[in-house]
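Chains A and B are the protein sequences, given in the same order.
Just so you know, we're using numbering that gives the first Met the number 0 here: the first sequence kicks off at 0 and counts up by one.
Just so you know, we're using numbering that gives the first Met the number 0 here: the second sequence kicks off at 0 and counts up by one.
Ideal Cβ positions, reconstructed from N, Cα and C, are used throughout, including at glycine.
None of the values given here were measured: they were computed from a predicted structure.
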Amino acid sequence: MAISEQRVILKHVDEPGYDPGIECYVRHGGYETLRKAVGMQPEEICRGVEVSEVRGRGGAGFPAGMKWKFLDRKSGKPIYLICNADESEPGTFKDRQIMHKDPHQLIEGMMVSAFAIQAALAFIYIREEMPQAARILEAAIDEARARGFVGEDILGSGYSCEIVVHRGAAAYICGEETGLIESLEGKRAYPRIKPPYFPAALGLYQCPTIVNNVETLCHVKHVVAIGGEAFARTGSPGNTGTRIWCVSGHVQRPGYYEFECGALTLGEMIHDVCGGVHPGRSLKAVIPGGSSAKILRADERFTGKLKDGTEFDWGLNDIPLDFDSLMACGSMSGSGGIIVMDDRVDMVEALANINAFYSHESCGQCTPCREGSLWMKKITKRMAEGGARTEDTDLLLSIGDQIAGRTICAFGEACAWPTQSFVSKFRDEFLAKASEDSGKRKGLRLV
Amino acid sequence: MNSEKHDNLISVHIDGEEVRVPPGTNMIEAARSIGTEIPHYCYHPKLSVVGNCRMCLVEMGMPGRDRETGEPMLDEKGQPKILWMPKPAVACATGAAPGMHIRTDSALVRSCREGVMEFLLVNHPLDCPICDQAGECHLQEFATDYGRGYSRFVEEKNVKPKRTRLGPRVMLDDERCILCSRCIRFCKEIADDDVLGFIDRGSYSTLTCFPGKELANNYSLNTVDICPVGALTSTDFRFRMRPWFLKQSPSICIESSVGVNTVVWSREGTIYRITPRRNDAVNDTWMSDSGRTLYKGVDSGDRMNVYTLEGRPADAGAVLEECVALLRGGSVAVVGSGRSSVEEQWMLKRTVEALGDEIPVYLVGRTEPGDGLLISNDRNPNVRGALLTGLMDTLPAATLDDLGARIEAGEIDTILSFGEDLCAAGLARGQLKKVRVIYAGTHHNDCSQRSRVEIPLLTVFERSGSFVNQQFRLQRFSRAIPGPEGVYSDLAFLALLHARLTGLRPMRPEPAEIWKHLSREIAALRGIEYDRISDTGVVIDGSKFAHLPFCEGKSLHYEPTAATAVS
Ligand SMILES: Cc1cc2nc3c(=O)[nH]c(=O)nc-3n(C[C@H](O)[C@H](O)[C@H](O)COP(=O)(O)O)c2cc1C
Ligand code: SF4
Ligand code: SF4
Ligand code: SF4
Ligand code: FES
Numbered sequence: 000m001a002i003s004e005q006r007v008i009l010k011h012v013d014e015p016g017y018d019p020g021i022e023c024y025v026r027h028g029g030y031e032t033l034r035k036a037v038g039m040q041p042e043e044i045c046r047g048v049e050v051s052e053v054r055g056r057g058g059a060g061f062p063a064g065m066k067w068k069f070l071d072r073k074s075g076k077p078i079y080l081i082c083n084a085d086e087s088e089p090g091t092f093k094d095r096q097i098m099h100k101d102p103h104q105l106i107e108g109m110m111v112s113a114f115a116i117q118a119a120l121a122f123i124y125i126r127e128e129m130p131q132a133a134r135i136l137e138a139a140i141d142e143a144r145a146r147g148f149v150g151e152d153i154l155g156s157g158y159s160c161e162i163v164v165h166r167g168a169a170a171y172i173c174g175e176e177t178g179l180i181e182s183l184e185g186k187r188a189y190p191r192i193k194p195p196y197f198p199a200a201l202g203l204y205q206c207p208t209i210v211n212n213v214e215t216l217c218h219v220k221h222v223v224a225i226g227g228e229a230f231a232r233t234g235s236p237g238n239t240g241t242r243i244w245c246v247s248g249h250v251q252r253p254g255y256y257e258f259e260c261g262a263l264t265l266g267e268m269i270h271d272v273c274g275g276v277h278p279g280r281s282l283k284a285v286i287p288g289g290s291s292a293k294i295l296r297a298d299e300r301f302t303g304k305l306k307d308g309t310e311f312d313w314g315l316n317d318i319p320l321d322f323d324s325l326m327a328c329g330s331m332s333g334s335g336g337i338i339v340m341d342d343r344v345d346m347v348e349a350l351a352n353i354n355a356f357y358s359h360e361s362c363g364q365c366t367p368c369r370e371g372s373l374w375m376k377k378i379t380k381r382m383a384e385g386g387a388r389t390e391d392t393d394l395l396l397s398i399g400d401q402i403a404g405r406t407i408c409a410f411g412e413a414c415a416w417p418t419q420s421f422v423s424k425f426r427d428e429f430l431a432k433a434s435e436d437s438g439k440r441k442g443l444r445l446v
Numbered sequence: 000m001n002s003e004k005h006d007n008l009i010s011v012h013i014d015g016e017e018v019r020v021p022p023g024t025n026m027i028e029a030a031r032s033i034g035t036e037i038p039h040y041c042y043h044p045k046l047s048v049v050g051n052c053r054m055c056l057v058e059m060g061m062p063g064r065d066r067e068t069g070e071p072m073l074d075e076k077g078q079p080k081i082l083w084m085p086k087p088a089v090a091c092a093t094g095a096a097p098g099m100h101i102r103t104d105s106a107l108v109r110s111c112r113e114g115v116m117e118f119l120l121v122n123h124p125l126d127c128p129i130c131d132q133a134g135e136c137h138l139q140e141f142a143t144d145y146g147r148g149y150s151r152f153v154e155e156k157n158v159k160p161k162r163t164r165l166g167p168r169v170m171l172d173d174e175r176c177i178l179c180s181r182c183i184r185f186c187k188e189i190a191d192d193d194v195l196g197f198i199d200r201g202s203y204s205t206l207t208c209f210p211g212k213e214l215a216n217n218y219s220l221n222t223v224d225i226c227p228v229g230a231l232t233s234t235d236f237r238f239r240m241r242p243w244f245l246k247q248s249p250s251i252c253i254e255s256s257v258g259v260n261t262v263v264w265s266r267e268g269t270i271y272r273i274t275p276r277r278n279d280a281v282n283d284t285w286m287s288d289s290g291r292t293l294y295k296g297v298d299s300g301d302r303m304n305v306y307t308l309e310g311r312p313a314d315a316g317a318v319l320e321e322c323v324a325l326l327r328g329g330s331v332a333v334v335g336s337g338r339s340s341v342e343e344q345w346m347l348k349r350t351v352e353a354l355g356d357e358i359p360v361y362l363v364g365r366t367e368p369g370d371g372l373l374i375s376n377d378r379n380p381n382v383r384g385a386l387l388t389g390l391m392d393t394l395p396a397a398t399l400d401d402l403g404a405r406i407e408a409g410e411i412d413t414i415l416s417f418g419e420d421l422c423a424a425g426l427a428r429g430q431l432k433k434v435r436v437i438y439a440g441t442h443h444n445d446c447s448q449r450s451r452v453e454i455p456l457l458t459v460f461e462r463s464g465s466f467v468n469q470q471f472r473l474q475r476f477s478r479a480i481p482g483p484e485g486v487y488s489d490l491a492f493l494a495l496l497h498a499r500l501t502g503l504r505p506m507r508p509e510p511a512e513i514w515k516h517l518s519r520e521i522a523a524l525r526g527i528e529y530d531r532i533s534d535t536g537v538v539i540d541g542s543k544f545a546h547l548p549f550c551e552g553k554s555l556h557y558e559p560t561a562a563t564a565v566s
């Protein structure tokens, strides 16, 4: 491996002898940050998180400090903290590592955050399909409670907060924060309209609520440990701290890798860190931020201006791995799931597969996403099975355009972006399907 | 447009036109107030806002302010510069804020509607010709107004259950359902009977009843009314008549003193259904299922539709003669009805006056526990009318015990019952044998069998007039269908009887005519012209009766303490 990882969150994970028990965690300096935090003013911690510029790792990359600032503290209602552990974006498997291998780091991050926002109660909403992680977390919370890190009068500070582990309802939409809140309230995970239901004002039980991703909450611990200013100096400006990237698909060494934001390029990640595509193959395309992120072509040129005004002209391999660069290239770092495709991949089949996922997971509440996602799936499936028509290509684009930006939640974009980007970037491949021998229909098995 | 400058109104701009509305008014209503339609499915003014159909997407913008100075930004013409949001917003969940602009007819908005319409139709059966909703279907209407006009869908449509019985009165066709959740919200929020929900996800979402439950509450048919499409149908009405053939007559439900506003749908003298008529001060947009079935009495087998003397059919003239003879030939008691209209009660009062000073007059009380919603404890629609007209000065008792005692005491020779079954009101057979009964009513019953004279009356659907509800709200109902052939209206019969008793010319038996007298004679009704009573009624001063122990409890828009006098 030419470039070595810069592990912060995953510092001890996978170290020989490191186990998820509290003894091990404390031996490695665990809960010292919580001790430090409860000795500080909550506002001071919030300010530190703001100064650190740490951005959410759940998908949208929203600055955590700013989100906390939106909390409606005047309402007098209890404030809730929710850890979003529903990790279900295809191509993403980082939160699972933390929960399985270093659960106390998450608990410490949550308690620091809970103290900072003065939460009355904290929840971990964990994906239903991760029963083992749920058991590990429950055991870890018990351990932490026994030592006074969770529960009544934490470390003698007078502040009390419990953590409740809630097993999710087994649907991707439970990861969308307002869908999650509905689900936590015991209802169908139907995302809420925003406005008026911004969680920071009208969240869980209509009380002010903060929802943060597992990795984000772990970062808060490190922000407090080293201080907001010091944290802000890691990574690149506006893209602070490290990120865990999950690389899957056609690379020789798929896996999760932690680097400071902007420390390496997409090319370095694929070729140096992950050993490149398999021998005899060539890189065709990359989805850089979980399956909903817009696909990037291997031979594409990306030009434009960054936020600070600098102009860029990049090939796929040159794109720095951080929030803003991928956004500037028209895609996003999303959940950090990098999906690599080599020249074997049939783009129509790949899109049919993604569309099958999104049509299966659309909650069905709002019309464009509900009907559009299934329609796109039906079309791409038919195309992949040998029934393509020339007009399907433009029809797909038009359906995508009729969804994105018009739905209740960002699932609308999540399901439209793959179609919009696959079809526009691999238009020839989609059009070619129509002239292929459509006589023999093949049975396509979609996930 | 509202030109009054109320302090609490704010200005918003809809397609460039300034509108003044209370802050927070949603943009569908704001637009409606100037006659601009923003098409919508899931939004319903009386239910929570969920924003799921996306049909009401509009462009929204706010006047810009300079970041540094906070000064309003101006455009080249010196007008406030509007910063338009890049994404369209749902009008139903967008509350008016000062200076807000919306566009309801831009290219983007049109494309949004086209998109939503297309999406709603891809898995829709599109068989309007055999669908019961055709003619009053929002999907059909908006498809015409805002749809693309051709289909780009060549895939197989989803298949869903076609005939699910949700309850005794409501059927569901899931393929027609557009998943707007109005019915679910109604059951939960209004009927307080949370039995409906969706199962499955995405486009396969399916409306259903919770296991072991059914949609059986007494308000279940409101879901049929608010369903924007043909998914929910009434087992009573479905496939019996196309709605465009039906005549709509505004009416008032006589189920209780709430005075629910209704529309009676009829064709060629037959009523097919009754639906609620919006009145935000009375019933919002709802009515009970039980109130909807009342029309069935019109053609029931026990309907009284001929005049009789001693059980034999007679002509109306002879009946009138006999009435005069009986009423003049001994001591008389009169029983009126809380189901008669204000006009009829007043005419009856005049008739009583013509008979003499000491005539005892009764009304029959109907008290039964209400449902706290749209059925009150008082099952008479118009007790307050009897008070206002002076027919009564006390609240009615449930049974005619006092009258019974008078009969026993030999004080009464003749009873004129105008609309009440005396047996049901507690008079014993033996008591009725001691008197001569003139019975006017709509249906045969024990009382009609024991009466000397039978006078057929009309149902509420066959007459016009007004009732005064529990709020002292005067509301009109109008005739939907003609009564049985050869039968005078209640008012006409009373007018003729009055004329015969007094020797005066009969009064024209029209409510508007009667009101010329009412509005002169009765202080609380002064100045009211029948034809100008608003469709949602007018509240009159009932403070004179504030001391009476009315039996109503709280219902949808009624607090008993504030009952009288206030609007
Ligand atoms: C359809 C959809 C699915 C999502 N799934 C997840 C998820 O599984 N985990 C997650 O952390 N965030 C998910 N998000 C993002 C959350 O809505 C929310 O923005 C996030 O939890 C906020 O945390 P952060 O600010 O720490 O990133 C999802 C968003 C959408 C629109
Ligand atoms: S966008 Fe999709 S997932 Fe989100 S609320 Fe609408 S239907 Fe549900
Ligand atoms: S619900 Fe409306 S659009 Fe659908 S078939 Fe019936 S009438 Fe036609
Ligand atoms: S049955 Fe009608 S009211 Fe109920 S969700 Fe479906 S379309 Fe809406
Ligand atoms: S009316 Fe359905 S989204 Fe506004």
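- In terms of side-chain proximity, the C-beta atom of Y149/B is found no nearer than 7 Å to any non-hydrogen atom of ligand 1.
- The CB of E154/B comes closer than 8 Å to the CB of W374, K377, I378, R381 in chain A, given here in chain order.
- By the criterion of at least three beta-carbon pairs nearer than 8 Å, the region 450–466 of chain B is in contact with the region 300–308 of chain B.
- Taking a beta-carbon distance threshold of 8 Å, P87/B counts as an interface residue toward chain A.
- Excluding five sequence positions before and after S287/B, the CB atoms of its chain that fall closer than 7 Å to its own CB belong to N217, Y218, E254, L373, I374, given in chain order.
- Remark: the shortest separation between the CB of C365/A and any heavy atom of ligand 2 falls under 7 Å.
- As the crow flies, the alpha-carbon of T163/B is around 22 Å from that of E155/B.
- In the DSSP assignment, I337/A falls within the unbroken beta strand (DSSP E) covering 336–341.
- It is roughly 32 Å from the alpha-carbon of A215/B to the alpha-carbon of S336/B.
- Taken in chain order, the unbroken stretches of beta strand (DSSP E) that lie wholly in the region 15–56 of chain B and span 3 residues or more are 16–20.
- Chain-ordered, the chain B residues with CB closer than 8 Å to the CB of S358/A read G201, S202.
- Taken in chain order, the complete alpha helix (DSSP H) segments of 4 or more residues contained in the region 173–213 of chain A are 176–183, 198–201.
- With 5 Å as the limit, the residues whose C-beta approaches a heavy atom of ligand 3 more closely than that are C127/B, C130/B, Q132/B, A133/B, C136/B, L138/B, Q139/B, R175/B, V228/B, G229/B, in chain order.
- Assignment of W374/A by DSSP, reduced to helix, strand and coil, places it in the helix class.
- Distances from the alpha-carbon of W244/A to those of E228/A, A262/A, R232/A, T233/A put A262/A closest.
- Under the DSSP assignment, E140/B falls in the alpha helix (DSSP H) whose first and last residues are 137–145.
- Any Cβ of chain A closer than 8 Å to the Cβ of G60/B would place that residue at the interface, and such an atom is absent.
- The DSSP assignment places 246–251 as complete runs of the beta strand (DSSP E) inside the region 236–263 of chain B, in order along the chain (cut-off: 3 residues).
- What C408/A touches in chain B, judged by beta-carbon distance under 8 Å, is nothing: the nearest beta carbon there is about 11 Å away.
- Contact annotation: in the region 37–66 of chain B, residues whose CB is within less than 8 Å of a CB in chain A are V48, V49, G50, N51, C52, R53, M54, L56.
- Here the distance from the Cβ of G411/A to the nearest heavy atom of ligand 2 is below 7 Å.
- I27/B is not a Cβ neighbour of R19/B, given a cutoff of 8 Å.
- When DSSP states are grouped into helix, strand and coil, Y256/A belongs to the strand group.
- Residue-level contact by beta carbon fails for L372/B and chain A, as no gap is shorter than 8 Å.
- Inclusion of V89/B in the 7 Å shell around ligand 5 follows from its C-beta lying nearer than that to a non-hydrogen atom of the ligand.
- In the structure shown, I129/B adopts helical secondary structure according to DSSP, grouped into three states.
- The beta strand (DSSP E) runs lying completely inside the region 7–42 of chain A and spanning 3 residues or more number zero.
- When rounded, the separation of the alpha-carbon atoms in C322/B and V297/B is 26 Å.
- For the 8 Å CB-CB criterion, I81/B and G268/B do not form a contact.
- At a cut-off of 8 Å, the C-beta of R109/B has no neighbouring C-beta in chain A.
- Annotation: F417/B has no Cβ neighbours in chain A at a cutoff of 8 Å; minimum Cβ distance is about 55 Å.
- Apart from the 5 residues on each side of it in sequence, K159/B sits with its Cβ closer than 7 Å to the Cβ of D173, E174, T205 in its chain, given in chain order.
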